[in-house]
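To start, the structure under review is shown below, and the notes come after it.
In the working numbering, the protein residues as written are 5 to 143.
The structure is reproduced here in C-alpha cells:
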C-alpha cells in the first residue's frame with residue numbers, strides 16, 4: 005500500500021526532499037488508476053487523456069446470484085478494456101460480497117458511454133440496478 009512516514013523534527017535534508025517527494029507523488033501517485041469511478045458517479049461523466057487509465061469499482065455479491073454485467077460496452081477504440089476483477093470483502097465468510105473492478109486504458113481521443121446492469125444471473129430481464137458513465141478522452 006501507499007503510506008507516508010512522518011519525521012518528528014525535519015532536518016535540512018528533509019526540508020529539501022519534501023517538495024521533491026510531493027512532486028513525485030503528484031506525478032506518479034501510488035500506482036493504480038489515473039481516474040476512478042464508483043456508484044457515486046452513476047449517470048455522470050469523466051475526462052481522460054490518451055494513455056491514462058480509468059478504474060470503475062462497483063459493489064457486487066455474486067454469491068447471492070447477483071452480478072454486474074456490461075450491457076453497453078464502451079467503444080474499445082476510445083477506451084480499451086484492460087482488466088475485469090472481483091475482490092471478495094471477506095474470503096472466510098459465506099455469502100460475502102465484494103467489489104467488481106473494471107480497468108480501461110484511454111487509447112484515442114473521442115467520447116463513449118458504458119452501461120452496466122446488476123441483476124440475478126438467471127433473470128436478465130429483471131434489472132435490480134444500473135450504472136452508466138460517459139467518458140471523454142482528450143488527445
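From the three backbone atoms N, C-alpha and C, an ideal C-beta is built for every residue, glycine too.
**Message:** Taking 7 Å as the limit between beta carbons, can you name the residues of its chain near residue 116, skipping five residues before and five after?
**Reply:** In the same chain as residue 116, and ignoring 5 residues on each side of it, the C-beta atoms closer than 7 Å to its own belong to 78, 79, 82, 83 and 139, in chain order.
**Asked** Assuming residue 121 and residue 134 make a contact with CB atoms under 8 Å, what is their CB distance in whole Å?
**Response** 5 Å
**Asked** DSSP beta-bridge partners for residue 85?
**Response** 108
**Message:** Once the 5 residues before and after residue 131 are set aside, which same chain residues still bring their CB inside 8 Å of it?
**Reply:** 121, 122 and 123
**Request:** For residue 64, count neighbouring C-beta atoms within 10 Å of its own C-beta (all shown protein chains included) and say buried if the count is 16 or more, exposed if not.
**Result:** buried
**Asked** Does the beta-carbon distance from residue 41 to residue 107 come in below 8 Å?
**Response** no
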